[in-house]
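Visitor: Under the working numbering, the first residue of the sequence shown is numbered 236, with each subsequent residue one higher.
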Amino acid sequence: MSTKIFKPIFSAATIILLTIVNALWAADPVTVVTYPLMNRPVIRTPGEDFTIRCNAGASISNWEAQLKTPYNTVSLPITSEYIAETQSWTLTATIPADTPFELYDLYVTASNGIQDEVHHAVRII
Numbered sequence: 236m237s238t239k240i241f242k243p244i245f246s247a248a249t250i251i252l253l254t255i256v257n258a259l260w261a262a263d264p265v266t267v268v269t270y271p272l273m274n275r276p277v278i279r280t281p282g283e284d285f286t287i288r289c290n291a292g293a294s295i296s297n298w299e300a301q302l303k304t305p306y307n308t309v310s311l312p313i314t315s316e317y318i319a320e321t322q323s324w325t326l327t328a329t330i331p332a333d334t335p336f337e338l339y340d341l342y343v344t345a346s347n348g349i350q351d352e353v354h355h356a357v358r359i360i
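(1) At the level of alpha carbons, what is the spacing between T308 and A319?
(2) Taking only three categories from DSSP, how would you classify T321?
(3) With DSSP run on the structure shown, which of helix, strand or coil describes S294?
(4) According to the neighbour-count rule (16 or more other Cβ atoms, all chains shown, within 10 Å of its Cβ), is S310 buried or exposed?
(5) Can you find the residues in the same chain that come closer than 6 Å, C-beta to C-beta, to E337, ignoring five residues on each side of it along the sequence?
(6) At which residues does the beta strand (DSSP E) containing I359 begin and terminate?
(7) Look at the alpha carbon of R279 and the alpha carbon of A356, and state the distance between them as a whole number of angstroms.
(8) Using C-beta distances below 7 Å, list every residue in its chain close to I349, excluding the 5 sequence neighbours before and after it, in chain order.
(9) Identify whether N307 lies in helix, strand or coil by the three-state DSSP scheme.
(10) Which residue wins for smallest C-alpha separation from T327, given the options Y317, P335, D333?
(11) Could you check if Y306 is buried or exposed, using at least 16 other CB atoms within 10 Å of its CB as the buried criterion?
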């Protein structure tokens, strides 16, 4: 095969392969939780509060949040406030005093089947 034919085929194959790899390794898409995110995690100590921001309508209720690792789940006491100007929710979560030091995934659920998970969103130090 001549070099003139090989180079365009190789270039096209490389572009297709990189597109597929990028789609498979894409970061968590922003769905409900807009903060914290994997690229903007919260770093706190046990006993401290942190803010979770969520996109959802005013009629949503019964917010719950958990920190999870493959071997541990920590339920977070939360308070919630709807912000009409931004049409979003601000949740204030308290990290229990006995929470082990770890990098956690954040799981948030609410009424109407709302749920979201953000990998590596909360670091407890």
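Positions of the beta carbon are idealized from the N, C-alpha and C atoms, including for glycine.
Guide: In short:
(1) 32 Å
(2) coil
(3) coil
(4) exposed
(5) T304, I359
(6) 350-359
(7) 11 Å
(8) V267, A291, I295
(9) strand
(10) Y317
(11) exposed
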